[in-house]
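Chains as they are written, first to last, in our numbering: chain A, 8 to 340; chain B, 8 to 340.
Positions of the beta carbon are idealized from the N, C-alpha and C atoms, including for glycine.
No experiment lies behind these values; they were computed from the predicted model shown.
Accompanying notes for the structure given below.
Protein chains: 2
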Amino acid sequence: MLRALIDRYVQDGQPVGSRTLARDAGLTLSPATIRNVLADLEELGFVASPHTSAGRVPTVQGYRFFVDTLLTVQPLNRRAVERMRAELDVDQSPKDLVESASGLLSGITHLAGVVTLPKHEHPLFKRVEFLPLSENRVLAILVTGKDEVQNRVLSTEKVCSAADLQQASNYLNHLFAGKDLAEVRAALLHEMQETQTSMNDMMHTAMQMAEQVLETNRDEDFIMAGQTNLMEFQELCDIERLRKLFDAFNRKRDMLHLLDQCVHGEGIQIFIGQESGYKMLDECSMVTAPYSVDGQILGVLGVIGPTRMAYDRVIPIVDATARLLGAALNTKE
Amino acid sequence: MLRALIDRYVQDGQPVGSRTLARDAGLTLSPATIRNVLADLEELGFVASPHTSAGRVPTVQGYRFFVDTLLTVQPLNRRAVERMRAELDVDQSPKDLVESASGLLSGITHLAGVVTLPKHEHPLFKRVEFLPLSENRVLAILVTGKDEVQNRVLSTEKVCSAADLQQASNYLNHLFAGKDLAEVRAALLHEMQETQTSMNDMMHTAMQMAEQVLETNRDEDFIMAGQTNLMEFQELCDIERLRKLFDAFNRKRDMLHLLDQCVHGEGIQIFIGQESGYKMLDECSMVTAPYSVDGQILGVLGVIGPTRMAYDRVIPIVDATARLLGAALNTKE
DNA sequence: GTTGGCACTCTATCCGCGGGAGTGCCAAAT
DNA sequence: ATTTGGCACTCCCGCGGATAGAGTGCCAAC
Chain A
8 MLRALIDRYV
18 QDGQPVGSRT
28 LARDAGLTLS
38 PATIRNVLAD
48 LEELGFVASP
58 HTSAGRVPTV
68 QGYRFFVDTL
78 LTVQPLNRRA
88 VERMRAELDV
98 DQSPKDLVES
108 ASGLLSGITH
118 LAGVVTLPKH
128 EHPLFKRVEF
138 LPLSENRVLA
148 ILVTGKDEVQ
158 NRVLSTEKVC
168 SAADLQQASN
178 YLNHLFAGKD
188 LAEVRAALLH
198 EMQETQTSMN
208 DMMHTAMQMA
218 EQVLETNRDE
228 DFIMAGQTNL
238 MEFQELCDIE
248 RLRKLFDAFN
258 RKRDMLHLLD
268 QCVHGEGIQI
278 FIGQESGYKM
288 LDECSMVTAP
298 YSVDGQILGV
308 LGVIGPTRMA
318 YDRVIPIVDA
328 TARLLGAALN
338 TKE
Chain B
8 MLRALIDRYV
18 QDGQPVGSRT
28 LARDAGLTLS
38 PATIRNVLAD
48 LEELGFVASP
58 HTSAGRVPTV
68 QGYRFFVDTL
78 LTVQPLNRRA
88 VERMRAELDV
98 DQSPKDLVES
108 ASGLLSGITH
118 LAGVVTLPKH
128 EHPLFKRVEF
138 LPLSENRVLA
148 ILVTGKDEVQ
158 NRVLSTEKVC
168 SAADLQQASN
178 YLNHLFAGKD
188 LAEVRAALLH
198 EMQETQTSMN
208 DMMHTAMQMA
218 EQVLETNRDE
228 DFIMAGQTNL
238 MEFQELCDIE
248 RLRKLFDAFN
258 RKRDMLHLLD
268 QCVHGEGIQI
278 FIGQESGYKM
288 LDECSMVTAP
298 YSVDGQILGV
308 LGVIGPTRMA
318 YDRVIPIVDA
328 TARLLGAALN
338 TKE
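Structure (structure tokens):
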């Protein structure tokens with residue numbers, strides 16, 4: 008019953024009345040009976056009517072109950088699977104993969120897709136190289152566990168020769184290769200304090216440089232796609248609301264914080280309405296899944312759409328995308 | 008007269024009639040006189056009335072004439088200048104600078120800001136380094152003229168030792184250091200064809216790798232900010248239009264093509280309405296300026312807003328931002 | 001438990017009607 | 001010749017009232 012109502016409401020966003028429900032649902036019951044049931048559902052808080060003579064609309068609690076207890080996910084659309092394979096399987100950089108995934112999510116669900124960039128929780132230090140650029144500018148290149156590369160231009164206090172730099176990188180590589188990056192960082196900090204003056208200047212500079220590189224390792228980000236899909240839903244057609252929503256999308260910090268909440272819960276997470284605690288997502292829901300490689304969670308992906316979304320269709324899509332993205336990233340290792 | 012009408016219309020977006028114009032403008036003329044003038048302006052095609060008893064609204068031709076012949080730019084708001092200095096002056100990476108500039112443009116004008124990433128037309132090859140990662144994976148690092156760094160992981164056909172790679176990079180660096188990157192590319196291609204088999208395998212691989220790196224040097228991009236500002240304008244409150252606009256923003260290729268047109272014209276460029284030839288920018292205008300370092304144009308920046316924008320206020324802001332961005336990038340050289 | 005009937009409520013929509021704003025034109029004034 | 005006031009005209013916008021439609025709740029009957 009609740010299921011039928013939600014199905015219907017998801018279809019066209021209009022409050023649904025007993026009459027349509029009687030016709031629509033497979034059940035052969037008269038509108039009167041349905042009305043009785045609906046009255047019960049209303050008492051339970053699962054549905055509500057916007058005004059006396061409109062149909063019923065599922066409430067947040069209604070969706071929650073629906074999702075928690077009587078949801079049966081639909082099998083994946085074959086075409087969609089093909090498409091996902093094709094887009095995520097090829098050899099792309101992690102960033103491109105994330106963008107593809109985001110595009111896929113929004114394209115297939117017709118909602119907004121969001122994917123965080125993969126972030127290793129315990130990245131391994133692999134090696135570091137220093138290249139002299141000019142007098143006191145040095146290019147530092149840091150390679151971490153999965154052949155991910157970061158580079159940065161450093162300013163050194165004193166002029167370093169190529170040989171100096173070579174020596175410095177050799178030293179660091181010998182000492183730290185394969186270690187956890189956080190450990191390396193800690194060790195460096197420690198050493199810098201301890202032997203502040205005693206060690207030779209070159210090493211000191213090397214330490215400083217390495218520390219600088221490590222510092223910048225904290226960048227996080229996410230990729231969104233298909234925000235404009237959300238404009239199609241008339242419940243969001245209010246410009247005010249729309250603007251708040253889009254502004255929220257641009258507030259990276261908030262979004263990341265929100266997405267972070269999802270990474271901790273295990274498996275598919277569903278935030279309905281303001282369950283997330285974010286007012287801007289009023290009237291919106293979010294379905295997310297973490298993606299991982301070798302059991303290590305690298306990030307989260309999901310979709311954002313109006314509360315009225317086809318959860319049964321969206322959930323398997325999010326799930327599959329997370330799996331495929333994990334798999335695609337795995338080939339990079 | 009036209010100026011007064013445009014001023015007024017820009018203020019509140021309502022068709023403006025003879026009465027208000029008489030009161031508002033410094034001119035001491037009766038509404039009747041104004042009506043005569045307005046009738047003339049209408050015949051010239053500079054204004055139009057949406058319907059019989061509404062005021063007049065400037066047409067695209069009206070704006071064009073206004074902008075071309077009787078526009079006097081306003082001096083820059085002092086606070087804005089301070090803010091721009093503060094945001095663009097500090098030591099940031101080019102990408103951060105571009106993001107700041109984009110944010111500034113949108114923040115100060117309350118429109119959408121857009122800035123292309125800087126792109127050297129004739130980048131110089133400075134040096135290349137190859138680091139072995141695993142069996143047949145090599146990290147290539149290309150440093151171009153302004154200490155800009157790109158890196159990429161390459162797959163080689165055969166296993167290369169560190170020494171091999173060192174030799175290869177030495178060879179390339181000796182041969183090409185300081186040359187124009189396009190030349191280097193051409194030379195490499197040529198050489199690869201000529202001596203296809205005669206040169207030793209290592210060099211051949213090196214060539215291939217260098218070529219691969221060069222190939223990927225064609226990435227362009229732009230940064231946008233403040234799109235949501237556009238939602239404030241009631242002439243864009245139509246969801247349909249809004250969606251088209253935002254979709255257009257996401258079509259990077261089209262946007263880049265559009266922005267490319269602006270880089271060729273010299274100085275400030277103003278597209279009013281669909282003058283750009285892009286239907287999606289209907290009802291919108293774009294004010295752009297190229298930014299450059301040492302006389303070399305690196306990119307374009309500008310704002311996008313409704314046709315009804317305060318051109319006299321926006322133009323100096325765009326101009327100043329372009330200058331400041333150029334200056335900020337200059338310190339990187 | 002289910003059903004049909006009926007009165008009731010509330011909304012959305014259409015219609016008609018001024019009020020208001022603005023125009024165009026003309027004749028008078030400067 | 002330009003400017004001005006006056007006047008009739010047109011058109012939009014907002015208002016109230018009437019109406020149709022959808023849906024409910026309740027009750028009595030099956």
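- At the C-beta level, A:Glu242 and A:Glu290 come within 8 Å of one another.
- Taking a 10 Å sphere around the C-beta of A:Ala329, we find 16 or more other C-beta atoms and assign the residue as buried.
- For A:Met316, the three-state secondary structure derived from DSSP is coil.
- Shown here for B:Arg26: same chain residues with a beta carbon closer than 6 Å to its own, the five before and five after excluded, namely Pro38 in chain order.
- Interface with chain B (8 Å Cβ-Cβ cutoff): A:Cys244 is included.
- Contacts with chain A at 8 Å (Cβ-Cβ) include B:Leu138.
- Secondary structure within the stretch 216 to 278 of chain A: the beta strand (DSSP E) runs of 3 or more consecutive residues, fully enclosed, are 229 to 232 (chain order).
- Look at B:Met293 here: in three-state DSSP terms it is strand.
- The Cβ atoms of B:Glu227 and B:Met199 do not sit closer than 8 Å to each other.
- For a Cβ distance threshold of 7 Å, residue set Leu146 and Asn158 of chain A lies close to B:Val156, ordered along the chain.
- By the 16-neighbour rule on beta-carbons within 10 angstroms, B:Asp75 is exposed.
- The CB of A:Phe253 comes closer than 8 Å to the CB of Gln234, Thr235 and Met238 in chain B, given here in chain order.
- If you look at B:Lys186, you'll find it isn't in any beta strand (DSSP E); DSSP assigns it neither H nor E.
- Across the set B:Ala175, B:His129 and B:Gly274, the C-alpha of B:Gly274 shows the shortest separation from the C-alpha of B:Ala327.
- The criterion of a C-beta distance shorter than 8 Å is not satisfied by B:Leu331 and B:Leu305.
- For A:Leu172, not one C-beta of chain B is nearer than 8 Å to its own C-beta.
- Shown here for B:Ala61: same chain residues with a beta carbon closer than 6 Å to its own, the five before and five after excluded, namely Pro22 in chain order.
- Taking A:Lys186 as the centre and dropping the five residues before and after it, the same chain places the C-beta of Phe132 closer than 6 Å to its C-beta, in chain order.
- It is roughly 37 Å from the alpha-carbon of A:Arg248 to the alpha-carbon of B:Ala32.
- Between A:Arg63 and A:Leu12, the CB-CB gap stays under 8 Å.
- The stretch 260 to 267 of chain A and the stretch 83 to 101 of chain A do not touch, with fewer than three beta-carbon pairs separated by less than 8 Å.
- Ranked by Cα distance from A:His117, the options A:Tyr178, A:Pro313, A:Gly333 and A:Ala334 are led by A:Pro313.
- A Cβ of chain A is located within less than 8 Å of the beta carbon of B:Leu249.
- The way I'd put it, the stretch 102 to 112 of chain A doesn't touch the stretch 35 to 55 of chain A; fewer than three beta-carbon pairs between them come closer than 8 Å.
- For A:Val166, none of the residues of chain B pass the 8 Å Cβ criterion, the least Cβ distance being about 16 Å.
- If one requires a minimum length of 3 residues, the beta strand (DSSP E) runs lying completely within the stretch 74 to 137 of chain B are 119 to 123, in chain order.
- The distance from the Cβ of A:Leu124 to that of A:Lys102 is about 7 Å, consistent with a contact at the 8 Å cut-off.
- When only Cα atoms are considered, B:Ala232 and B:Val97 end up about 20 Å apart.
- Around the beta carbon of B:Glu190, fewer than 16 other beta carbons lie within 10 angstroms, which makes this residue exposed.
- Relative to A:Gln234, the option among B:Ser56, B:Leu140, B:Phe240 and B:Asn257 whose CA is nearest is B:Asn257.
- Among the CB atoms of chain A, one or more fall inside 8 Å of the CB of B:Val150.
- Counting the other Cβ atoms within 10 Å of the Cβ of B:Cys269 gives 16 or more, which makes it buried.
- For A:Ser141, DSSP records a beta bridge to A:Arg144.
- Straight-line spacing of the CA atoms in B:Gly69 and B:Met8 works out to 11 Å.
- Check the Cα spacing between A:Asn143 and each of A:Leu172, A:Asp19, A:Phe229 and A:Arg320: the tightest is with A:Leu172.
- Here the alpha carbons of A:Val105 and B:Asn236 stand approximately 28 Å from one another.
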